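Report on the structure given below.
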Amino acid sequence: MKEVLYLDTMITPKIINVIYWLALLFVIVGGLFMVFFGSFWAGLGIIVGGSIGTRIYCEIMIILFKIYESLRVIADNSSAK
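Quick note on UniProt numbering: the sequence shown kicks off at 1 and runs consecutively.
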């Protein structure tokens with residue numbers, strides 16, 4: 001608990017996982033809505049393109065946090081010497 005209160009541990013990478021699944025759910029529901037009440041091909045495009053776009057966005061966010069963690073390890077190792 002101390003790590004979270006003093007900002008030593010990042011909770012955002014855990015939240016990004018939840019955001020990914022919620023966004024994926026919204027993309028699929030929106031795409032299915034479009035398939036049944038609009039254009040089939042547009043709905044299919046929303047499902048495929050939205051799923052890929054959501055995945056790429058969340059992966060980029062996770063990569064940024066992994067870069068931060070790596071830089072923090074490097075800084076800790078260089079200050080220990």
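For each residue, glycine too, the CB sits at the ideal point set by N, CA and C.
Note that the structure is predicted; figures quoted are calculated from it, not measured.
Short of 6 Å in beta carbon distance, which residues of its chain neighbour residue i, apart from the five on each side in sequence? Order them along the chain.
i   : result
C58 : I16 and Y20
For residue i, tell me which candidate among the options has the shortest Cα-Cα distance.
i   : options              : result
G49 : F65, A23 and S70     : A23
V27 : G45, S78 and F37     : G45
D51 : S70, F40, L7 and G30 : It is Ser, not Asp, that sits at residue 51 in the sequence shown. Checked all of S70, F40, L7 and G30; the closest Cα to S51 is G30.
Which same chain residues, not among the five before or five after residue i, have their C-beta less than 7 Å away from its C-beta?
i   : result
M10 : F65
P13 : I62 and F65
M34 : A42, G43 and I46
Between which two residues does the alpha helix (DSSP H) carrying residue i extend?
i   : result
T9  : From DSSP, T9 is part of no alpha helix (DSSP H); its letter is neither H nor E.
S39 : No alpha helix (DSSP H) contains S39, which DSSP labels as neither H nor E.
Among residues of its own chain, excluding the 5 on either side of residue i, which ones have a beta-carbon nearer than 8 Å to its beta-carbon?
i   : result
L32 : G43 and I47
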